[in-house]
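Peer 1:
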């Protein structure tokens, strides 16, 4: 390439990869690009290569590691403060063994068994939100009526947010872009609430994530700040990605002939995986090599920044034939929307259950659901790595 393309790239359509990904793919599954600040990086477009690198222990997620790609940094911006202390890192930015140690503290609450037990509650939540939408009458905004509140209320159940605090919690999660828990004023309300609830759980524990974190603080395994940061990370990761995925899933279905009627109860799980593959809402993922890594004909050198383009990998024809087609009968469970390897999203089972439940409820309750505005007019979230729409007007009836 004579002039390296810049990433992140904007999407022309909120549920399709940027057109520039195809041009990058022409140069092979591993190509070169530059970040907004001019830093050259490797970009991964191939499915097999992305899967291999995401599982490779020589790839670091540590945002403080020299060479780590900073997607939002503009030209002329100061470098990351090297004196920033490691405990300030979210555990998704940590590497093993510390990452694995922190992940084990909460992963039992996201197991398949826990998710199965939660499914009736998820259906009750979805039905309640849809009933409120129907009672208010069409048109409605699918984002504010269902896609945003459902994962927020689900998080209340998983975290252990008591009923009297749920309105405050959910209200301050209804924001269109990812906010820094340390500085974002709207999310600061949730951050402070989590700090108070962690103190409450230390005195009155339950069977929930916040109680588990409070016990780790009492045992000296976590500081109070680390527990707050972990809880905040789980909120951000568990809310916006699921809300975006649900909204885009509804949008994709409503732009197809037949709308929701293309879904069936028997094939709902595989349809959800295909919708997740197609939209790839969390894209791209930055990493840095901590050692030389040969990959095909290329050599990623120690200290090189690597950006895994999940949407490109999920649209690799070698892994998913006719990748641009939304094939609800496709067996797409091996997609990389939730990542892969040690940092694979620990809430992937819960996210799938939320989407399956919400779409099943919509199919049953609102089979005539359709868009109230042209898809092309919908406002896209101005996010660097989380794709979605800020509103989704829908209507229903004869």
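Numbering (UniProt numbering), first residue to last: 1 to 398. Every residue, glycine too, gets a C-beta built ideally from N, C-alpha and C. Treat the numbers as computed from the prediction; the structure is a model and nothing was measured.
(1) Could you tell me which of 37, 104, 379 sits nearest to residue 73, measuring between CA atoms?
(2) Give the single residue among 31, 58, 39 whose Cα lies nearest to the Cα of residue 45.
(3) Residue 133 to residue 125, Cα distance in whole Å?
(4) Leaving aside the five residues before and after residue 3 along the sequence, list all residues of the same chain whose C-beta is less than 6 Å from its C-beta, in chain order.
(5) Quick check on residue 114: does DSSP put it in helix, strand or coil?
(6) Quick one: is residue 219 buried, meaning 16 or more other Cβ sit within 10 Å of its Cβ, or exposed?
(7) Which runs of the alpha helix (DSSP H) fall wholly inside the region 141 to 214 and span at least 4 residues, in chain order?
(8) Could you tell me whether the region 349 to 361 touches the region 198 to 214, where touching means 3 or more Cβ pairs closer than 8 Å?
(9) Name the one or two DSSP bridge partners that residue 32 has.
(10) Between which two residues does the alpha helix (DSSP H) holding residue 443 run?
(11) Confirm, please, whether the CB-CB distance from residue 361 to residue 16 is below 8 Å.
(12) Which residues in the same chain have their Cβ closer than 7 Å to the Cβ of residue 182, if we skip the five residues on either side of it in sequence?
(13) So what's residue 281 in DSSP terms, helix, strand or just coil?
(14) Give me the residue from 129, 40, 391 with the minimum Cα distance to residue 248.
(15) Throw me the rounded Cβ distance for the residue 313 and residue 295 pair, which I believe falls under 8 Å.
(16) Would the region 262 to 280 count as touching the region 317 to 329 if we require 3 or more Cβ pairs under 8 Å?
(17) My assumption, with CB atoms under 8 Å, is that residue 281 sits in contact with residue 235. Please give the rounded CB distance.
(18) Could you say if the region 296 to 315 and the region 16 to 29 meet the contact criterion of at least three C-beta pairs nearer than 8 Å?
(19) Report buried or exposed for residue 28, applying the criterion of at least 16 other Cβ atoms within 10 angstroms of its Cβ.
(20) Please report the distance separating the alpha-carbon of residue 394 from that of residue 187.
Peer 2: With the given structure in hand:
(1) On the chain shown, position 73 is the one that residue 73 refers to. Looking at the Cα atoms, 37 is the closest of the given residues.
(2) Your numbering for residue 45 matches position 45 in the chain shown. Ranking the options by Cα distance to residue 45, first place goes to 31.
(3) Working through the chain shown from its first residue, we reach residue 133 at position 133. Working through the chain shown from its first residue, we reach residue 125 at position 125. Near 12 Å, if we compare the C-alpha coordinates of residue 125 and residue 133.
(4) Indexing the chain shown from 1 puts residue 3 at position 3. Closer than 6 Å at Cβ, skipping near neighbours: no residue.
(5) Position 114 of the chain shown, counted from the start, is the residue given in the question as residue 114. In the structure shown, residue 114 sits in a helix (DSSP, three-state: H, G or I).
(6) Indexing the chain shown from 1 puts residue 219 at position 219. Label assigned to residue 219: exposed.
(7) 149 to 159, 163 to 171, 185 to 203
(8) no
(9) Along the chain shown, one-based indexing puts residue 32 at 32. Partner(s): 42.
(10) The first residue shown for the chain is 1 and the last is 398, placing residue 443 beyond what the model contains.
(11) Here the question's residue 16 lines up with position 16 in the chain shown. Here the question's residue 361 lines up with position 361 in the chain shown. Taking 8 Å as the Cβ cut-off, residue 16 and residue 361 do not qualify as a contacting pair.
(12) As a first step, residue 182 must be located in the chain shown, where it is residue number 182. Bear in mind that the predicted position of residue 182 carries a pLDDT of just 44, short of 50, making it unreliable; the figure below should be weighed with that in mind. The answer is none, since no qualifying residue turns up.
(13) For this step, residue 281 is matched to residue 281 along the chain shown. Looking at residue 281 - three-state DSSP - the assignment turns out to be coil, as it is neither helix nor strand.
(14) Taking the first residue of the chain shown as position 1, residue 248 is located at position 248. Out of 129, 40, 391, 391 has the C-alpha closest to the C-alpha of residue 248.
(15) On the chain shown, residue 313 is found 313 positions in, with the first residue counted as 1. On the chain shown, residue 295 is found 295 positions in, with the first residue counted as 1. No, residue 313 and residue 295 are not in contact; Cβ-Cβ is about 14 Å, not under 8 Å.
(16) yes
(17) On the chain shown, position 281 is the one that residue 281 refers to. On the chain shown, position 235 is the one that residue 235 refers to. Incorrect: roughly 17 Å between the Cβ atoms, too far for contact.
(18) yes
(19) Walking along the chain shown from the start, residue 28 turns up at place 28. Exposed.
(20) Counting from one through the chain shown, the residue named residue 394 turns up at place 394. Counting from one through the chain shown, the residue named residue 187 turns up at place 187. Cα to Cα, the separation comes out at about 28 Å.
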